[in-house]
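S.K.: Once you've had a glance at the structure underneath, I'll fire off some questions.
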Amino acid sequence: MYETVKGLVIREVVFGEADKLIDLLTENGVRTVRVRGARKQGSKYAAVTQVFSYGEFCLRQSGGRYYLDSAVSLSSFYGLRGRLEALALAAYFSELVRRTATDQPQPQILRLFLISLHYLSEQTRPDAQIKAVFELRLISELGMMPDLVCCPVCMRYLPPAPILRLDRADMTCADCWDAHERNDLPVTPSALQAVRHAVLADLDRLFAFRVSGESLRLFAVYAEAYVLRRTENAYPTLHFYRQITGADDDD
Ligand SMILES: [Zn+2]
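One rule links them: number in the numbering used here = place in the sequence shown (from 1) + 100.
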């Protein structure tokens, strides 16, 4: 049985003498595909099956497994390849997606990944912004969006001193902040707006906003803490990214 799918290679591992296995993120979830002879000299599918290449793949299904029949490259995100920070971040995105993958069709997650790789590749937004947007949007697409409509007590949409509450997955404001919990994070109004944009904006406009300085820092702190809190996983790829960017220095 054959099927043709568009997909992004999010992991490759060596398999046997000359083959490899690739994890392909498609609109219908993640497929593991065996690519015969991919590591032989001159294999015509070596490039299109390398990690973070996007293409159209013809798969043959047999005995519950997928095999690559043929493939055409649609984008290879060249801008990623020469930059270790970008590759490390993309590897973290890949781990997040693989660890939270379900059998449900999730076309939005494939689009989110492609858009984020585009910006990582083009470098027109800070890496910290791309990381935070990806984390928050992925979690939201998985049904764990924080409730940030307004402060539930005074109903202000944009209070001067918002507090993001991790454990309750909501917000409040400094004036109405009653029970101070360990994971509550006071932020700036701009950081709150950045979080709202990441979880609610149309994917076409996902990166059509600017955030910088202290607001970017708080946006990034919240996004990472939120994804770790909701998924309750540890991510070796995140640890590696933090090491190479020096983010572990202030721990
Ligand atoms: Zn309030």
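Glycine is no exception: its CB is placed at the ideal position from the N, C-alpha and C atoms.
Identify which residue in Thr272, Phe115, Arg265 has its Cα closest to the Cα of Tyr257.
M.R.: That would be Thr272, whose Cα lies nearest to the Cα of Tyr257.
S.K.: Looking only at its chain, what residues have a beta carbon closer than 8 Å to the beta carbon of Ser102, apart from the 5 residues adjacent to it on each side?
M.R.: Here residue 102 turns out to be Tyr, not Ser, going by the sequence shown. Cβ neighbours of Tyr102 beyond the five flanking positions: Cys158, Leu159, Arg160, Gln161, Asp169.
S.K.: Who are Glu156's beta bridge partners in DSSP?
M.R.: Answer is Lys106, Val172, bridged to Glu156.
S.K.: Between the alpha carbons of Val114 and Lys120, how many angstroms are there, rounded?
M.R.: Cα to Cα, Val114 sits roughly 4 Å from Lys120.
S.K.: Going by other Cβ atoms of all chains shown within 10 Å of its Cβ, with 16 needed for buried, is Cys254 buried or exposed?
M.R.: Looking at its Cβ environment, which holds fewer than 16 other Cβ atoms inside 10 Å, Cys254 is exposed.
S.K.: Taking a contact to mean a Cβ-Cβ separation below 8 Å, would you say Glu185 touches Asp227 in this structure?
M.R.: Against a cut-off of 8 Å, the Cβ pair of Asp227 and Glu185 comes out as a contact.
S.K.: For Thr288 and Ala261, I'd like the C-alpha separation in whole angstroms.
M.R.: Looking at the two C-alpha atoms, the distance is approximately 6 Å.
S.K.: Between His297 and Thr224, what straight-line distance do the alpha-carbon atoms span, to the nearest angstrom?
M.R.: Each residue's Cα considered, the two are about 17 Å apart.
S.K.: Count the other C-beta atoms from every protein chain shown that fall within 10 angstroms of the C-beta of Glu117, then say buried if there are 16 or more, exposed otherwise.
M.R.: Exposed, since its Cβ has fewer than 16 Cβ neighbours within 10 Å.
S.K.: So Thr126 and Gly107 are supposed to be a Cβ contact under 8 Å. How far apart are they, rounded?
M.R.: Thr126 to Gly107, Cβ: 4 Å. Contact.
S.K.: What residues come near ligand 1, if near means a beta carbon less than 7 Å from any of its heavy atoms?
M.R.: Residues flagged by the Cβ proximity filter: Cys251, Val253, Cys254, Arg256, Pro259, Thr272, Cys273, Asp275, Cys276.
S.K.: Identify the continuous alpha helix (DSSP H) that holds Leu338 and give its terminal residues.
M.R.: Element bounds for Leu338: 336-344.
S.K.: Tell whether a beta-carbon distance below 8 Å holds between Asp123 and Arg198.
M.R.: Against a cut-off of 8 Å, the Cβ pair of Arg198 and Asp123 comes out as a contact.
S.K.: Going by alpha carbons, who is nearest to Gln293 out of Leu220, Gln208, Ala308, Tyr192?
M.R.: If we check each option's Cα against that of Gln293, Ala308 comes out closest.
S.K.: Mind checking whether Gly155 and Ser221 have CB atoms under 8 Å apart?
M.R.: No. Outside cutoff.
S.K.: Just how far apart, CA to CA, sit Tyr145 and Ala171?
M.R.: Cα to Cα, the separation comes out at about 7 Å.
S.K.: Looking at the unbroken alpha helix (DSSP H) that takes in Val353, where does it start and where does it end?
M.R.: Residue numbering for the chain in the displayed model covers 101 to 351; residue 353 lies beyond these limits and cannot be assessed.
S.K.: Which whole-angstrom value is the C-beta distance of Ile215 and Leu328, which I expect to be below 8 Å?
M.R.: Actually they do not touch by this definition, with Cβ atoms about 23 Å apart.
S.K.: Taking 8 Å as the cut-off, decide whether the C-beta atoms of Phe319 and Val299 are in contact.
M.R.: No, these two residues do not count as a Cβ contact at 8 Å.
S.K.: According to DSSP, simplified to helix, strand and coil, what is Pro262?
M.R.: Here Pro262 sits in strand by DSSP.
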